[in-house]
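Here the sequence shown is numbered in this note's numbering, starting from 179 and rising by one per residue.
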Amino acid sequence: MRVGLVAGADTDELWTWFERERDLRPHVRLDRPPVPGDGMGPEYVIAAAVPALAMIARSVCNYLAVRTANRGAKLILRVTSETGAVTEVEVERTTDEVRLARLLLAAAGERDAPAER
Numbered sequence: 179m180r181v182g183l184v185a186g187a188d189t190d191e192l193w194t195w196f197e198r199e200r201d202l203r204p205h206v207r208l209d210r211p212p213v214p215g216d217g218m219g220p221e222y223v224i225a226a227a228v229p230a231l232a233m234i235a236r237s238v239c240n241y242l243a244v245r246t247a248n249r250g251a252k253l254i255l256r257v258t259s260e261t262g263a264v265t266e267v268e269v270e271r272t273t274d275e276v277r278l279a280r281l282l283l284a285a286a287g288e289r290d291a292p293a294e295r
């Protein structure tokens, strides 16, 4: 599974945040937009196996908590499933790591993903 994090103008700040997560670092890379002028800017891509989702969800929730306290934050998470289907999940002001991990699993089409309530 591939999870893309779009942070707009805060790309450098998000990269610094992920660099602090020692266990997450090997899974994160910066992709440039495939089409010039698509308006989304650089994207952090996390090549993640299902077990890494908890770590990703925790890190994203912590990042959002800090950003929201300072000036607000919104992320668009693009999840690419094994079949190549892309789903976007907009995340803002959440601290619920379990819910975020479930949303990512559901977006990826994982069979074991619990239904979101």
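Here a beta-carbon is modelled for each residue, glycine too, at the ideal position from N, C-alpha and C.
The structure presented is a predicted model; accordingly, all values stated were derived computationally and were not measured.
In terms of Cβ geometry, valine 257 and alanine 279 do not form a close pair [threshold 8 Å].
Counting along the chain, no alpha helix (DSSP H) covers leucine 255; the unbroken beta strand (DSSP E) around it starts and ends at 252 to 258. Between the alpha carbons of alanine 235 and leucine 283 lies a distance of about 11 Å. The alpha-carbon of leucine 253 is positioned some 10 Å away from that of leucine 192. In the three-state reduction of the DSSP assignment, arginine 200 falls in the coil class, being assigned neither a helical nor a strand state.
According to the DSSP assignment, threonine 265 belongs to the beta strand (DSSP E) that extends over 264 to 270. For the pair glutamate 199 and alanine 232, the CB atoms are not nearer than the 8 Å cut-off. In this structure, the straight-line span from the alpha carbon of aspartate 201 to that of threonine 261 is close to 27 Å.
About 17 Å separates the beta carbon of valine 206 from that of leucine 242, a gap too long to meet the 8 Å contact definition. Counting C-beta atoms within 10 angstroms of its own C-beta, arginine 203 has fewer than 16 neighbours from the protein chains shown and is therefore classed as exposed.
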